[in-house]
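The block underneath contains the structure these notes are about, expressed in structure tokens.
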Amino acid sequence: MPQNLPNFSHSVRLKYVKLGYQYLVNHIITFLLIPIMAGIVIEVLRLGPEEILGIVRSVHLDIVHVLCSSFLVIFIATVYFMSKPRSIYLVDYACYKPPVTCRVPFATFMEHSRMNLKDSPKSVDFQMRILERSGLGEETCLPPAIHYIPPNPTMEAARGEAELVIFSAIDALMKKTGVKPKDIDILIVNCSLFSPTPSLTAMVVNKYKLRSNIKSFNLSGMGCSAGLISIDLARDLLQVQPNSHAIVVSTEIITPNYYQGQERAMLLPNCLFRMGGAAILLSNKRRDRNRAKYKLTHVVRTHKGADDKAYKCVFEEEDAQGKVGIRLDKDLMFIAGEALKSNITTMGPLVLPASEQLLFLFTLIRRKIFNPKGKPYIPDFKQAFEHFCIHAGGRAVIDELQKNLQLSAEHVEASRMTLHRFGNTSSSSLWYELNYIEAKGRMKKGDRVWQIAFGSGFKCNSAVWKCNRTIKTPSDGPWQDCIDRYPVHIPEIVKL
Amino acid sequence: MVSSDEQPLVHDIRLSTVGPGRVTGQDVVHEPTNMDQAMKLHYLRGVYYFKSQAVQGLTTPNIKEPIFTWLNNFYHTCGRFRRAESGRPYIKCNDCGVRFIEAQCVKTLDEWLELEKDDGSLRRMLVSNQVVGPELFFSPLVLLQITWFKCGGMSMGLSWAHVLGDAFSAADFMNSLGQVMAGLKLAQPLKLAQSHISAKISPSPPKSKDPLSVKRVGPVGDHWIAANNSKMKAFSFNLTSTQISHFHTKVCGQIGTNQIPFFECLCAVIWKVVAKIRDGPEPKMVTITKNDPHGRKNGVLSNGQLISIVKADFSIMEANPKELAELVLNQAMDERSTIVEAMERDQGLSDFIVYGANLTFVDLEEADFYGLKLKAQKPAYVGYTIDGVGDNGVVLLLPGPNNGGKVVTLIMPEDQVLKLKFELKKEFSIA
Numbered sequence: 001m002p003q004n005l006p007n008f009s010h011s012v013r014l015k016y017v018k019l020g021y022q023y024l025v026n027h028i029i030t031f032l033l034i035p036i037m038a039g040i041v042i043e044v045l046r047l048g049p050e051e052i053l054g055i056v057r058s059v060h061l062d063i064v065h066v067l068c069s070s071f072l073v074i075f076i077a078t079v080y081f082m083s084k085p086r087s088i089y090l091v092d093y094a095c096y097k098p099p100v101t102c103r104v105p106f107a108t109f110m111e112h113s114r115m116n117l118k119d120s121p122k123s124v125d126f127q128m129r130i131l132e133r134s135g136l137g138e139e140t141c142l143p144p145a146i147h148y149i150p151p152n153p154t155m156e157a158a159r160g161e162a163e164l165v166i167f168s169a170i171d172a173l174m175k176k177t178g179v180k181p182k183d184i185d186i187l188i189v190n191c192s193l194f195s196p197t198p199s200l201t202a203m204v205v206n207k208y209k210l211r212s213n214i215k216s217f218n219l220s221g222m223g224c225s226a227g228l229i230s231i232d233l234a235r236d237l238l239q240v241q242p243n244s245h246a247i248v249v250s251t252e253i254i255t256p257n258y259y260q261g262q263e264r265a266m267l268l269p270n271c272l273f274r275m276g277g278a279a280i281l282l283s284n285k286r287r288d289r290n291r292a293k294y295k296l297t298h299v300v301r302t303h304k305g306a307d308d309k310a311y312k313c314v315f316e317e318e319d320a321q322g323k324v325g326i327r328l329d330k331d332l333m334f335i336a337g338e339a340l341k342s343n344i345t346t347m348g349p350l351v352l353p354a355s356e357q358l359l360f361l362f363t364l365i366r367r368k369i370f371n372p373k374g375k376p377y378i379p380d381f382k383q384a385f386e387h388f389c390i391h392a393g394g395r396a397v398i399d400e401l402q403k404n405l406q407l408s409a410e411h412v413e414a415s416r417m418t419l420h421r422f423g424n425t426s427s428s429s430l431w432y433e434l435n436y437i438e439a440k441g442r443m444k445k446g447d448r449v450w451q452i453a454f455g456s457g458f459k460c461n462s463a464v465w466k467c468n469r470t471i472k473t474p475s476d477g478p479w480q481d482c483i484d485r486y487p488v489h490i491p492e493i494v495k496l
Numbered sequence: 001m002v003s004s005d006e007q008p009l010v011h012d013i014r015l016s017t018v019g020p021g022r023v024t025g026q027d028v029v030h031e032p033t034n035m036d037q038a039m040k041l042h043y044l045r046g047v048y049y050f051k052s053q054a055v056q057g058l059t060t061p062n063i064k065e066p067i068f069t070w071l072n073n074f075y076h077t078c079g080r081f082r083r084a085e086s087g088r089p090y091i092k093c094n095d096c097g098v099r100f101i102e103a104q105c106v107k108t109l110d111e112w113l114e115l116e117k118d119d120g121s122l123r124r125m126l127v128s129n130q131v132v133g134p135e136l137f138f139s140p141l142v143l144l145q146i147t148w149f150k151c152g153g154m155s156m157g158l159s160w161a162h163v164l165g166d167a168f169s170a171a172d173f174m175n176s177l178g179q180v181m182a183g184l185k186l187a188q189p190l191k192l193a194q195s196h197i198s199a200k201i202s203p204s205p206p207k208s209k210d211p212l213s214v215k216r217v218g219p220v221g222d223h224w225i226a227a228n229n230s231k232m233k234a235f236s237f238n239l240t241s242t243q244i245s246h247f248h249t250k251v252c253g254q255i256g257t258n259q260i261p262f263f264e265c266l267c268a269v270i271w272k273v274v275a276k277i278r279d280g281p282e283p284k285m286v287t288i289t290k291n292d293p294h295g296r297k298n299g300v301l302s303n304g305q306l307i308s309i310v311k312a313d314f315s316i317m318e319a320n321p322k323e324l325a326e327l328v329l330n331q332a333m334d335e336r337s338t339i340v341e342a343m344e345r346d347q348g349l350s351d352f353i354v355y356g357a358n359l360t361f362v363d364l365e366e367a368d369f370y371g372l373k374l375k376a377q378k379p380a381y382v383g384y385t386i387d388g389v390g391d392n393g394v395v396l397l398l399p400g401p402n403n404g405g406k407v408v409t410l411i412m413p414e415d416q417v418l419k420l421k422f423e424l425k426k427e428f429s430i431a
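Chains as they are written, first to last, in UniProt numbering: chain A, 1 to 496; chain B, 1 to 431.
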């Protein structure tokens with residue numbers, strides 16, 4: 001017992017030292033300014049008003065000097081304001097809530113697996129083990145075509161799912177924001193695995209009768225991180241085009257991509273990927289400044305595709321029977337970790353407070369010069385962000401990130417609960433997580449949110465948002481009827 | 001069964017699963033009672049036929065969607081069987097769901113019913129033949145088949161594991177689907193009654209002998225169907241109210257006081273016919289099952305029907321039908337407590353068959369089969385049969401589509417069917 005007390009007081013003392021250090025470094029300018037200001041005030045008081053006037057007159061200012069100086073000031077100010085990037089606001093977003101008729105309980109999934117994979121009981125067992133440990137719940141949804149034994153993935157069914165998900169999300173978004181179809185200037189749809197002709201973007205333009213001079217883009221094949229790629233693209237476009245609205249639709253269409261073979265490495269996506277989609281309204285209009293929910297501060301994209309292993313770790317190919325599926329490599333987690341490290345190395349200097357950056361610099365110098373084998377210092381990102389939205393790619397991804405970034409259970413709660421309620425909805429999962437945080441009433445004005453997504457390629461993309469106004473608990477949205485049941489305890493292994 | 005063209009009569013069959021919309025929760029179980037376990041080797045197969053007016057504008061998704069709401073009240077029918085450590089089966093309510101089969105038929109409803117008159121076995125194409133097992137984990141207890149006819153008519157085939165409840169419960173189950181589809185809220189409590197030993201059966205001193213109305217079979221293990229010595233075949237015939245009253249008067253005398261009900265008269269006559277045509281000793285015992293209104297709580301699915309045994313100590317072939325009918329009416333002995341007893345002694349592990357252990361007469365007149373209403377219209381016809389019937393055969397008396405009419409369905413060994421048909425035609429003066 002006595003040993004614990006010194007440890008406890010030692011750690012408490014350390015905590016206070018850390019707090020003091022952080023406060024000092026983060027407000028260093030204030031601390032430096034105060035003595036300077038104090039000095040000036042004392043000097044002014046000492047000199048007295050006549051002396052000050054004398055000093056001012058001695059500068060010999062005449063009208064030309066005054067005019068030139070003011071022009072210079074105005075010129076510099078204009079250059080500054082013109083070159084400042086436009087503020088991009090997220091006005092609002094809507095997530096698709098699948099109907100209860102699409103629900104897939106574990107038992108149903110296993111029974112269908114058993115009937116579809118009659119000849120490979122080992123594969124069925126494998127799927128059962130994955131499902132038990134997946135972190136998914138009993139309410140995740142698959143599209144209607146996949147409910148058949150065997151699944152019935154026609155192109156018509158895939159289009160049907162796309163229409164259902166995308167149109168529902170956009171309808172909800174339009175209702176929430178009041179934006180009219182003729183007001184949409186930019187439209188970006190990202191869906192990795194289903195890319196028909198005409199594109200999904202064209203499908204939206206057709207349904208909502210959007211303008212003929214709309215700037216539309218359809219991103220396919222870019223994996224689960226494509227949602228943030230679309231946001232980045234929208235941001236760049238909104239820099240060039242003033243006074244515009246952009247709609248970004250992120251979704252993944254499951255129907256054509258359900259793997260119907262028996263290869264274990266390719267069965268994993270079947271267990272995790274579920275129906276979902278989100279539509280987001282971005283704007284650079286000044287009048288949206290007050291009603292927007294978030295302001296986009298940073299987007300950082302990291303692509304590890306130059307490395308062969310990273311490129312091949314999530315790979316769509318045919319199995320020995322000619323059935324197409326997505327193969328996930330065994331070292332996926334390791335590659336994800338590396339991609340994350342790259343991303344936060346770029347992100348760190350942009351968002352971390354000065355105290356953390358100094359610490360990182362010192363430990364880096366110390367490692368380089370004195371102790372090459374020392375552990376790298378992981379900056380405390382909890383000081384830079386209040387909320388974290390980690391792509392709900394799977395339980396392992398969330399666990400890995402929680403460990404790497406040293407996050408608490410509450411920080412990853414949004415991700416875990418989204419995985420439980422909706423499964424891995426690919427690029428739209430970040431928006432379900434953000435909605436969870438809002439639904440719990442935790443989003444306050446000034447809060448910073450970090451969205452991290454991983455995707456095939458291998459890519460790690462992050463976006464940082466700043467909350468523009470305290471958000472009231474939404475009365476609609478996908479969490480509306482179940483938020484009271486959350487958070488739930490998700491057991492390590494669910495007994496099926 | 002393939003018609004002269006390439007396309008089979010019933011084609012385009014697609015399987016899926018529908019379950020309850022609401023999450024039932026972890027570790028919810030339903031324990032069948034001893035009486036339920038006694039009936040586990042039997043399956044009810046019912047087909048409800050609807051004319052096109054009743055289903056106009058309905059599509060398969062229109063039927064699937066309300067099923068999710070409907071099954072919230074019957075979540076235990078969506079579960080799957082497991083075995084406890086003692087080996088006793090119980091249902092894990094894991095929301096696995098009921099199997100949903102969609103099919104198309106090349107004939108119109110009227111054409112189909114005509115075809116069925118000649119070959120009753122065609123009806124098997126409209127309802128699933130599946131039984132529970134050999135993998136209990138993955139065996140649905142309820143299967144629904146929706147078959148669309150060329151004219152726009154539709155048939156709904158219910159395949160029902162008897163362990164869930166008797167035919168009266170199955171009828172209530174289906175009727176509540178009609179109510180949900182009409183947008184009505186179900187009155188039943190959402191929490192089903194927990195496992196209970198049927199309170200109406202009074203505890204009797206432990207008897208060491210088995211009940212007479214059941215036969216021990218197996219052990220069947222996890223494949224819940226008993227083997228038959230002879231192949232069983234089903235056939236039915238409709239009776240109009242005129243034929244019924246004519247027959248009734250013939251058997252039981254003038255319509256008046258103290259009249260023996262039609263069911264008992266039917267039992268007596270068919271008993272005699274079977275005794276006549278069967279090789280070997282005549283059946284001296286028959287099992288009678290009927291509705292027990294006291295044993296059924298509204299909305300709860302259970303095996304509450306009355307099962308009784310009738311023993312005759314005189315020759316059946318020479319007996320007076322009226323006497324025999326009176327015997328059936330008055331001397332039937334309730335065997336339910338004995339059955340429950342026997343099952344309890346074996347801790348729910350025995351395998352029994354009830355229907356067909358002796359010649360069995362099942363009175364389903366009070367089953368509300370025509371209560372399943374779509375667009376406020378009742379079915380044009382409802383036919384039920386039982387699978388897993390023993391070699392001694394079963395006779396079912398069902399309500400008919402029109403007031404006063406009835407349907408008699410017999411499930412007998414194949415080799416006796418022709419003779420039976422001949423004799424019964426004589427008895428009932430059917431053309």
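All C-beta atoms in this analysis are idealised placements derived from N, C-alpha and C, irrespective of residue type, glycine included.
Nothing here was measured: the structure is a model prediction, and the numbers come from that model.
Item: Checking contacts by CB at 8 Å: is T17 (chain B) closer than that to chain A?; Value: yes
Item: Distance, Cα to Cα, F352 (chain B) vs V163 (chain B)?; Value: 12 Å
Item: Give me the Cα-Cα distance between Q305 (chain B) and E161 (chain A), rounded to the nearest whole angstrom.; Value: 47 Å
Item: Is any beta-carbon of chain B found at less than 8 Å from that of I149 (chain A)?; Value: yes
Item: Take S415 (chain A) as the anchor and find which of A:S408, A:L407 and A:L430 has the nearest alpha-carbon.; Value: A:L430
Item: Three-state secondary structure (DSSP) at D232 (chain A)?; Value: helix
Item: When the Cα atoms are used, what is the spatial distance from V180 (chain B) to D334 (chain B)?; Value: 36 Å
Item: Chain A beta carbons: is any one of them nearer than 8 Å to that of S195 (chain B)?; Value: With a pLDDT of only 41 at S195 (chain B), under the threshold of 50, the placement of this residue in the model should not be trusted, and no figure is reported.
Item: For the pair the segment 80 to 98 of chain A and the segment 286 to 300 of chain A, tell me if three or more CB-CB distances fall below 8 Å.; Value: yes
Item: Use the C-beta contact count for K185 (chain B): other C-beta atoms within 10 angstroms, 16 or more gives buried, fewer gives exposed.; Value: exposed
Item: Pick from B:V98, B:T60, B:E116 and B:E366: whose alpha carbon is nearest that of W148 (chain B)?; Value: B:T60
Item: Shortest alpha-carbon distance to residue 514 (chain A) belongs to which of A:Q22, A:S113 and A:F334?; Value: Any answer about residue 514 (chain A) is impossible in this case: the structure gives chain A only from 1 up to 496.
Item: Please determine, among A:E263, A:V165 and A:L361, the residue with the shortest C-alpha to C-alpha distance to D119 (chain A).; Value: A:E263
Item: Quick one: which residues of the segment 126 to 157 of chain A get their C-beta closer than 9 Å to a C-beta of chain B? List them in chain order.; Value: G137, E138, E139, P144, H147, Y148, I149, P150 and N152
Item: At the level of alpha carbons, what is the spacing between L45 (chain A) and D62 (chain A)?; Value: 27 Å
Item: Whole-angstrom Cβ separation of S428 (chain A) and G223 (chain A), contact assumed at under 8 Å?; Value: Not quite, the Cβ-Cβ distance comes to about 13 Å (not below 8 Å), so this is no contact.
Item: Report the three-state DSSP secondary structure of T201 (chain A) (helix, strand or coil).; Value: helix
Item: Determine, using beta carbons only, whether P256 (chain A) and L193 (chain A) come nearer to each other than 8 Å.; Value: yes
Item: Strictly below 7 Å CB to CB, what residues from chain B border V100 (chain A)?; Value: G21 and F68
Item: Going straight from the alpha carbon of K176 (chain A) to that of N298 (chain B), what length do you get?; Value: 45 Å
Item: What does a CB cutoff of less than 8 Å around K215 (chain A) pick up in its chain, not counting 5 residues either side in sequence?; Value: D185, I186, L187, L237 and Q241
Item: Under 7 Å Cβ to Cβ from G137 (chain A), same chain only, skipping five residues before and after it: list those, please.; Value: H420 and R421
Item: Check whether the Cβ atoms of residue 432 (chain B) and I67 (chain B) sit closer than 8 Å, and answer yes or no.; Value: There is no way to answer for residue 432 (chain B), as the model of chain B reaches only from 1 to 431.
Item: Is the Cβ-Cβ distance between Q259 (chain B) and G152 (chain B) less than 8 Å?; Value: no
Item: Could you tell me which residues DSSP puts in a beta bridge with A234 (chain B)?; Value: B:I411
Item: With a threshold of 8 Å between beta carbons, is C267 (chain B) in contact with chain A?; Value: no
Item: At 7 Å on the CB atoms, spell out the chain A contacts of K64 (chain B), in chain order.; Value: T101
Item: Thinking C-beta only, is S462 (chain A) closer than 8 Å to W450 (chain A)?; Value: yes
Item: If you draw a straight line from the C-alpha of M266 (chain A) to the C-alpha of T78 (chain A), how long is it?; Value: 57 Å
Item: So which residues of chain B does P196 (chain A) contact, with C-beta pairs closer than 8 Å?; Value: Within 8 Å Cβ-Cβ: nothing; P196 (chain A) doesn't reach chain B, min ~23 Å.
Item: Quick one: grab the DSSP three-state call for Y486 (chain A).; Value: coil
Item: Anything in the segment 92 to 104 of chain B with a Cβ closer than 7 Å to a Cβ of chain A? List those residues in chain order, please.; Value: N94, D95, C96 and G97
Item: Taking 8 Å as the cut-off, does the segment 32 to 46 of chain B touch the segment 373 to 393 of chain B (at least 3 CB pairs, one atom from each stretch)?; Value: yes
Item: Quick one: grab the DSSP three-state call for K322 (chain B).; Value: helix
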